[in-house]
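Written out below as structure tokens is the structure these notes cover.
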Amino acid sequence: MEEKIGVIAVIVKDFEQVERVNELLHEHRDCIVGRLGLPFREEKLAVISLVLKASQEKVNALSGKLGMLKGVSCKAFLNK
Numbered sequence: 006m007e008e009k010i011g012v013i014a015v016i017v018k019d020f021e022q023v024e025r026v027n028e029l030l031h032e033h034r035d036c037i038v039g040r041l042g043l044p045f046r047e048e049k050l051a052v053i054s055l056v057l058k059a060s061q062e063k064v065n066a067l068s069g070k071l072g073m074l075k076g077v078s079c080k081a082f083l084n085k
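Residue numbers (the working numbering): 6 to 85.
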């Protein structure tokens with residue numbers, strides 16, 4: 006499968022999900038090139054930006070698993 010450069014933007018509003026988010030990221034560490042996490046304490050949320058080099062299927066799988074978590078929103082973008 007062709008690997009592409011992609012980005013996943015993640016917003017975590019339920020801090021009880023942080024451990025599961027980190028587990029999923031660890032499971033997909035082979036395709037994560039970079040990660041930036043920013044806590045917004047006053048807003049009680051965190052934003053995580055992920056840069057990946059992976060097939061569309063892998064990016065969609067990670068994005069889908071993250072998006073299924075309660076209090077977690079995400080959006081994936083791939084280069085064409």
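All C-beta atoms in this analysis are idealised placements derived from N, C-alpha and C, irrespective of residue type, glycine included.
Option nearest Lys63 by Cα separation, candidates Asp19, Gly42, Arg34 and Val23
Arg34
Contact under 9 angstroms by Cβ, Gln22 with Gly72:
no
Just confirm the distance between the C-beta atoms of Asn84 and Ile37, as a whole number of angstroms; I'd bet it's less than 8 angstroms.
Not really, about 16 angstroms apart at Cβ, beyond 8 angstroms.
Is Arg34 helix, strand or coil when you go by DSSP?
helix
For Ile16 and Arg46, the rounded distance between their alpha carbons:
13 angstroms
Looking at C-alpha atoms only, which residue of Ala81, Leu67 and Leu74 is the closest neighbour of Lys18?
Leu74
Under the three-state DSSP convention, the category Gly72 falls into:
helix
I need the straight-line Cα distance from Leu41 to Met6, nearest angstrom please.
27 angstroms
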